[in-house]
Ligand SMILES: Cc1ncc(C[n+]2csc(CCOP(=O)(O)OP(=O)(O)O)c2C)c(N)n1
Ligand SMILES: [Mg+2]
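Here's what the structure looks like:
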């Protein structure tokens, strides 16, 4: 199939692009659509060059009509295609929320299993670039509330490279969240396939389990490094899939370390972190030596000013402090 | 011209006894915005301004000609490309800059940045960065004014791209249905980010589409500040007479990229050059130099006064304090007054 020599080391952005290129080459039913995915090259340059390679039928620039083109993606999936729809950021996806929740997530069940919606919706999420409150939120936890959707969040370059294929192979709608702060991160590819619903242990340790996903993985790994210097061995679990949750991996780790810290860029109240902590409390309560800790974003629309934005987001020191409290 | 509050000193001043040529205010308004935007590029390159920044260079005739015609009690709803609208509205330049520097003295206390300028004292209801997101709010502001019996207009500015959003169509219908005093101002600069008008709309005559909702709608040469001001006066008169909303399609062009992140790969250089020949500042300046409305010395004085205002605003903004971090979560809920 693909004869191009894939370089060993890629950026997150390049990895996503290569996965799209592979998918477009491998399956005639796959097409990409969204605002500025073609001529502009994608608002984060993920799809740069794909229009030239695959043409405007398969790399389709859409008008500013999120509800219509996401809904059209759902319809095209019902009609036998395998659309990849790009929404520029999760804040804008709210204009398509009706289609995502009331159609994509629901049609299968509501039709008594007659319909499936094999659709992938990609979007960016997260803060850190001073884009203020209408471009910076982390709403993937909200989407993970919805039965009928699969939610994945690649945190590494290898996952960015490998997650699209199983997402497209899934008969269910998959939302793929790309953290805006990760696009320029670099990493090596190992070529290993990725399951859509399995968490990954990114660092092993016996003293405390740090559970995170997406854009908070680098922060959490840095915290684990800092903790190691203090003699605290932290295990880092990257959820990868926010729905379904790989409980088994989280529980196995907590049963060994007896301590849990969840790091989540979403707002704390009703967050994914709350869900993870609740499941651990339900199923491993007697294994815990300390109350679970959560490190989340401050409950404020993300502000523009650098110092305020920094204060609003989970930082390495916050994670270190939370982990210390659990072992203290 | 303007009855809106402004923080600029008039320059040049007319000889005693003679009324100032009204075109001078238009020209000054545009030069102020042009030179402000160019200064913002430098400040952005120096990383004093961060985040997304969208400039309106090339589109100054709309800001000066349209916003400048509004009365002080009228309301304005704008987009992320709103520096020019804010300045024309009289939002002090220093508070706009302080906002972009993330200072507590900024017009949104450093929480909004370039895309979210607010100044409610001047009825400037902000920079909305969700395309189309301002239109329903403008309809509601007009509804409140209508219900309270206030004879005022809400001007809502948005781009050609917004016309593709459902919120555009829902809002125009609602405003027309209820005969609300909204002036819909579409700055048609022919591109929504990298997507050209023809690739965005099956029917590219945007005024025609607005008129299908049952409101007066017409295209205007958006590169001619006098034409914009004239059209705005006509539309405002219609709206103030109680006949419901109007729609202006202001045909214009942005000379710069969509944002500071945009490599501008999608536009033909020759096309950009053709539009630059229509530079609204140059057109009015040349017209006035030709008919005696302006001479070289008064032009120089005008530019010098604008530059002095800008440098004073930069210094003032730089001196502003940062919001204390302890105040991070203020204003999430209304504070007891
Ligand atoms: C709902 C929504 N979708 C997408 C975007 C990203 N975006 C920001 S500006 C823009 C183009 C808008 O074009 P137009 O309305 O013509 O205004 P212009 O930028 O030309 O002034 C896009 C796609 C957004 N901010 N909001
Ligand atoms: Mg436009």
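Chains as they are written, first to last, in our numbering: chain F, 4 to 331; chain E, 12 to 348. Think of the CB as a built atom: it goes at the ideal place given N, C-alpha and C, for glycine as much as any other residue. Since we're looking at a predicted model, the values are computed, not measured.
Exercise. List the whole-angstrom C-beta distance separating residue 135(F) from residue 127(E), where the pair is believed to meet the contact cut-off of C-beta under 8 Å.
Key: Going by Cβ atoms, the distance from residue 135(F) to residue 127(E) rounds to 6 Å, so yes, they are a contact pair.
Quiz item: Roughly how many angstroms lie between the CA atoms of residue 17(E) and residue 111(F), to the nearest whole one?
Solution: Per-residue confidence for residue 17(E) stands at a pLDDT of 43, beneath the threshold of 50, marking its modelled position as unreliable; no derived number is given.
Self-check item: Whole runs of the alpha helix (DSSP H) within the region 147–210 of chain F, excluding any shorter than 4 residues
Solution: Those alpha helix (DSSP H) runs which fall completely within the region 147–210 of chain F and span 4+ residues are 160–165, 167–172.
Quiz item: Tell me which same chain residues have a C-beta within less than 8 Å of the C-beta of residue 98(F), skipping the five on either side of it?
Solution: Cβ neighbours of residue 98(F) beyond the five flanking positions: 69, 70.
Exercise. Give a single yes or no on whether residue 202(E) has its beta carbon closer than 6 Å to a heavy atom of ligand 2.
Key: Result yes, Cβ under 6 Å from ligand 2.
Practice problem: Kindly indicate which three-state DSSP category residue 310(E) falls into: helix, strand or coil? | Solution: Helix, per DSSP.
Quiz item: So residue 308(E) packs on residue 75(E), CB below 8 Å; how close in whole Å?
Solution: Contact doesn't hold; Cβ gap of about 22 Å is too wide.
Quiz item: Is the Cβ-Cβ distance between residue 276(F) and residue 264(F) less than 7 Å?
Solution: The answer is no: Cβ separation not under 7 Å.
Quiz item: Comparing the C-beta of residue 112(F) with each C-beta of chain E, is any distance below 7 Å?
Solution: Not closer than 7 Å to any Cβ of chain E, the Cβ of residue 112(F) fails to qualify, so no.
Practice problem: Check the Cβ-Cβ distances between residue 5(E) and every residue of chain F, and say whether any is below 7 Å. | Solution: Nothing about residue 5(E) can be read from this structure; chain E reaches only from 12 to 348.
Quiz item: Among the residues of its own chain, which have a CB less than 7 Å from the CB of residue 325(F), if the five just before and after it don't count?
Solution: Apart from sequence neighbours up to five positions away, the residues of its chain that approach residue 325(F) with a beta-carbon distance below 7 Å are 264, 296, 298, ordered along the chain.
Quiz item: Count the other CB atoms within 10 Å of the CB of residue 188(E); is the residue buried (16 or more) or exposed (fewer)?
Solution: By the neighbour-count rule (16 or more Cβ atoms within 10 Å), residue 188(E) is not buried but exposed.
Self-check item: Supposed close pair residue 172(F), residue 243(F) - CB separation, criterion 8 Å
Solution: Not a contact, Cβ separation roughly 16 Å.
Self-check item: Assigned secondary structure, residue 61(E) (DSSP; H/G/I helix, E/B strand, else coil)
Solution: In this structure, residue 61(E) counts as coil in the three-state DSSP scheme.
Practice problem: With a 10 Å radius around its C-beta and 16 neighbouring C-beta atoms as the bar for buried, classify residue 14(E) as buried or exposed. | Solution: Any reading at residue 14(E) must be qualified, since the residue scores a pLDDT of 36, below 50, and its modelled position is unreliable; the value itself is stated next. When all chains shown are included, residue 14(E) counts as exposed.
Quiz item: Beta-carbon separation of residue 223(F) and residue 239(F) under 7 Å?
Solution: In this structure, residue 239(F) lies closer than 7 Å to residue 223(F) by Cβ.
Practice problem: My understanding is that residue 112(E) touches residue 303(E), with C-beta atoms under 8 Å, so please give their C-beta distance in whole angstroms. | Solution: At roughly 42 Å, the Cβ-Cβ gap does not stay under 8 Å, so residue 112(E) and residue 303(E) are not in contact.
Practice problem: Using DSSP bridges, identify the partner residues of residue 244(F). | Solution: 155(F).
Exercise. Would you check whether ligand 2 has a heavy atom nearer than 6 Å to the C-beta of residue 321(F)?
Key: Using a cutoff of 6 Å, the CB of residue 321(F) does not count as near ligand 2, since none of the ligand's heavy atoms is closer than that.
Quiz prompt | Close Cβ partners of residue 104(F) (< 7 Å) along its chain, the five nearest in sequence each way excluded | solution = Here the set comprises 149.
Practice problem: Give a single yes or no on whether residue 253(E) has its beta carbon closer than 6 Å to a heavy atom of ligand 2. | Solution: No - ligand 2 has no heavy atom lying nearer than 6 Å to the Cβ of residue 253(E).
Quiz item: Which chain F residues are close to residue 340(E), counting only those with a beta carbon under 7 Å from its beta carbon?
Solution: Within 7 Å of the CB of residue 340(E), the CB atoms of chain F belong to 301, 302, 303, in sequence order along the chain.
Quiz prompt | Short Cβ contact (7 Å threshold) for residue 64(F) with residue 44(F) | solution = In terms of Cβ geometry, residue 64(F) and residue 44(F) do not form a close pair [threshold 7 Å].
Quiz prompt | First through last residue of the alpha helix (DSSP H) which encompasses residue 97(E) | solution = Membership of residue 97(E) in the alpha helix (DSSP H) is indicated by the continuous run 94–100.
Quiz item: Secondary structure at residue 14(E), three-state DSSP: helix, strand or coil?
Solution: Note on residue 14(E): pLDDT 36, under 50, position unreliable in the model; the coordinate value appears next. Of the three classes helix, strand and coil, the one that applies to residue 14(E) here is coil, per DSSP.
Quiz item: Since residue 270(F) sits in a beta bridge, which residues does DSSP pair it with?
Solution: Per DSSP, 300(F).
Quiz item: For residue 160(F) versus residue 13(F), is the C-beta distance shorter than 7 Å?
Solution: The answer is yes: Cβ separation under 7 Å.
Quiz item: Does the beta carbon of residue 333(E) come closer than 7 Å to any beta carbon on chain F?
Solution: Chain F, which has a Cβ nearer than 7 Å to the Cβ of residue 333(E), makes this yes.
Practice problem: Mind listing, in chain order, the continuous alpha helix (DSSP H) runs of no fewer than 4 residues lying wholly within the region 167–234 of chain E? | Solution: Whole alpha helix (DSSP H) segments, 4+ residues: 177–188, 208–211, 217–222.
Quiz prompt | Identity of the residues DSSP links to residue 214(F) by a beta bridge | solution = DSSP lists 240(F), 265(F) as partners of residue 214(F).
Self-check item: Bridge partners - residue 260(E), DSSP secondary structure assignment
Solution: 197(E), 230(E).
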